[in-house]
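Report on the following structure.
2 protein chains.
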Amino acid sequence: MKAYEEREIKRVFLVACGGSSALMYPSKYLLDHEAETITAEVYSSNEFIHRNPKTLNEQALVILCSHKGKTPETTEAAKFAKSKGALTVALMYVESDFTVNYSWAPAGTKEQYSEIMNYAVLYRLSLGLLYVKEGNKKYEKLLNSLNNLGTSFEKAKVEYEEVAREYAKSVKEEEVIYTMASGANFGVAYTWIHSHAIHAGEFFHGPFEIVDKNVPFILLKGLDETRPLEERAETFLPQYTDKVHVLDAAKLDLSDLDEEMRGYLAPMVLNYILRLHAVALAEERNHPLETRRYMFKVPY
Amino acid sequence: MKAYEEREIKRVFLVACGGSSALMYPSKYLLDHEAETITAEVYSSNEFIHRNPKTLNEQALVILCSHKGKTPETTEAAKFAKSKGALTVALMYVESDFTVNYSWAPAGTKEQYSEIMNYAVLYRLSLGLLYVKEGNKKYEKLLNSLNNLGTSFEKAKVEYEEVAREYAKSVKEEEVIYTMASGANFGVAYTWIHSHAIHAGEFFHGPFEIVDKNVPFILLKGLDETRPLEERAETFLPQYTDKVHVLDAAKLDLSDLDEEMRGYLAPMVLNYILRLHAVALAEERNHPLETRRYMFKVPY
């Protein structure tokens, strides 16, 4: 917070790769929706370095995230941002002005959530900035709600553990399962490893041509202002495919979260439920989530 | 230009859907790379409306594009932006402060290019803004190069017409052909209708796990600062798949274009070549490019 007070900040760059990049989308949504003067952008680390945005200077805040700090591109991006005079904050083990540790635990375990999990830290950094710079009063509501997130996760688990197992059985032979979402939830769709994420709005301008009776979709429905886009996809899909699985945050008990914060926090709960599905599918296929052909195995 | 002079502009929103949205990416790249104070963002029309960015106000310029003006979401987005006091410019038939017509012609025809084609108009609007607001001197170079673009397209056609036909024959049975690019060229990859575009940088953080001996890729290599990302993909791919087709702007005769402009204009030439491939593939499959299952055919 002190670092925020000490300098003018006009621009936020959210920089990471792959799954860590997907974590950044809700924070971008929050900043887009709440910030009066500060603009935010998500970049893949290497693109960020080479694109070399001209607004990357001492008035920029660069937030980086690299799971276990194992992503060389993100470490490079942190150095690059520092060399341009930007204020840098890194989630875990990346060289920067500030390093924040976050908790991480295997999917579906009780420890997978807490106010220091990665999404939560990113939100605190983003809304904290608006609290300091623009007097945004929602920061306190966010902190309170993050404290209660664990309870919401537990309730969601009770609701969805069996659903996930049943679903995994029904789709274990599928090669591809598309995911869809919009707004703050799009990043969650992007983390699904069995396919490609389709933006629920863009869907109707090209991608929907892939829909066929046997093409499976998981549709995420969040609680932010873009929910009508997800609802529109929900109306269309069942007319042309028999394989639609909807995960709807409105059907969850989120009463422990401040009402005004639910739109922003829904992606975290949806992510939790989607991970339950991924774990169930991995078990059903006897193919652990961590199995990789190339990552960390061959030079690239 | 006069409208630019009359008001302060801090933020550019590039708003469209599907293929028209893909046209916006090069302009975003240019603005990121050149603009000292103005920030730019690409949004799908419906997401833009519902996300309702707080920086959308009278200091915002909203550039919209809808091919033949047939996209209701984009028409809505124009109205929405106007209601927020933004300066709006629409490419073709959308209600806004200014409407610019652009030329369009079937792929591969001589008429498919000119300084009033869609990409060109978007560049002129973007760099024109920086010329007025920040005294960016490259605007004149851009105008000269756009005048010569037709010649570059003609030369590319001579070079690639036969290549495209041969390629189409070799992949006509493929269900999916992935496209890859980075920087200013990513939008071009996105327009490829037979598959999903993969960002050449993000590729190494998840998507590369889909690579297999029989999975076909078209890799676009542009001339902007992110070329090293595309080169890295070019090194990796042939080790694990036999089906890599590279379209490299560096191998084209672009001598009619200002050297400093070639990175920005490469996507336009790559788009032209990629369209030659799409047309050849459509002929080979006897399946016209315009065939749709749902678009403009069913309610959605």
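Residue numbers (our numbering), protein chains in the order written: chain C, 1 to 300; chain P, 301 to 600.
No residue lacks a Cβ here, since even glycine has one placed at the ideal position from N, Cα and C.
Residue contact check for H67 of chain C against chain P: no CB pair falls below 8 Å. If only complete runs of 3 or more residues are kept, the segment 336 to 387 of chain P shows the beta strand (DSSP E) at 339 to 344 and 360 to 365, in order along the chain. Judged by DSSP in its simplified three-state form, V279 of chain C adopts helix.
For R11 of chain C, the beta-bridge partners assigned by DSSP are C:T39 and C:A60.
Excluding residues up to 5 positions away in sequence, K521 lie with their Cβ nearer than 7 Å to the Cβ of D548 of chain P in the same chain. In this structure L129 of chain C touches Y4 of chain C by the C-beta definition: roughly 6 Å separates them, less than 8 Å.
Excluding sequence positions up to five before and after R285 of chain C, its CB lies within less than 7 Å of the CB of K172, all in the same chain and listed in chain order. Membership of T535 of chain P in the alpha helix (DSSP H) is indicated by the continuous run R527 to Y540. Under DSSP, I498 of chain P shares a beta bridge with P:M480.
By the beta-carbon neighbour count (other beta carbons within 10 angstroms, threshold 16), A550 of chain P is exposed. Spatial neighbours of A81 of chain C in its own chain (CB-CB distance under 6 Å, excluding positions within 5 residues in sequence) are listed in chain order as V62 and T88. Taking C-beta atoms under 8 Å as the contact rule, Y190 of chain C and L30 of chain C fail to qualify, at a distance of about 17 Å. Of all C-beta pairs linking the segment 4 to 23 of chain C to the segment 454 to 466 of chain P, fewer than three are shorter than 8 Å, placing the two stretches out of contact.
With 16 or more other CB atoms across the displayed protein chains lying within 10 angstroms of its CB, E530 of chain P is buried. Residue burial is scored here from C-beta neighbours: E41 of chain C has at least 16 other C-beta atoms within 10 angstroms and is therefore classed as buried. The alpha-carbon of L252 of chain C is positioned some 13 Å away from that of E259 of chain C. Beta-bridge partners assigned by DSSP to F217 of chain C: C:Y178 and C:V244. A contact between stretches requires three or more CB pairs, one per stretch, nearer than 8 Å, and the segment 183 to 202 of chain C meets this requirement with the segment 210 to 224 of chain C. If you draw a straight line from the Cα of A22 of chain C to the Cα of L270 of chain C, it comes to about 13 Å.
The Cβ-Cβ distance between M117 of chain C and C65 of chain C does not fall below 8 Å.
Exclusion of the five residues before and after Y294 of chain C leaves Y300 as the residues of its chain whose Cβ lies within less than 8 Å of its Cβ. A Cβ of chain P is located within less than 8 Å of the beta carbon of R292 of chain C. Taking a beta-carbon distance threshold of 8 Å, R285 of chain C does not count as an interface residue toward chain P.
Rounded to the nearest angstrom, the gap between the Cα atoms of Q539 of chain P and H587 of chain P is 32 Å.
Ranked by Cα distance from G319 of chain P, the first of P:S383, P:E590 and P:A456 is P:E590.
A direct Cα-to-Cα measurement between K597 of chain P and D242 of chain C gives close to 20 Å. About 10 Å separates the CB atoms of T371 of chain P and S344 of chain P; that is not less than 8 Å, and the two are not in contact. Its Cα nearest to that of T235 of chain C, the residue C:A200 stands out among C:M268, C:A200 and C:L254. Judged by DSSP secondary structure, D32 of chain C falls within the alpha helix (DSSP H) whose first and last residues are Y25 to E34. For the 8 Å CB-CB criterion, R51 of chain C and T526 of chain P form a contact.
Residues are counted here when their Cβ sits less than 8 Å from a Cβ of chain P; for the segment 187 to 206 of chain C these are I193, H196, H199, G201, E202, F204, H205 and G206, given in chain order.
In the displayed model, M417 of chain P falls within a strand according to three-state DSSP. Taking a Cβ-Cβ cut-off of 9 Å, the neighbours of H50 of chain C in chain P comprise S482, G483, G501, D524, E525, T526, R527, P528 and L529, given in sequence order. Apart from the 5 residues on each side of it in sequence, L125 of chain C sits with its Cβ closer than 7 Å to the Cβ of I63 and V89 in its chain, given in chain order. Cβ-Cβ distances below 8 Å link L257 of chain C to S145, N148, L149, S152 and L265 in the same chain, with the five nearest sequence neighbours on each side left out; the list follows chain order. Looking at the DSSP output, A316 of chain P shares a beta bridge with P:S344 and P:C365.
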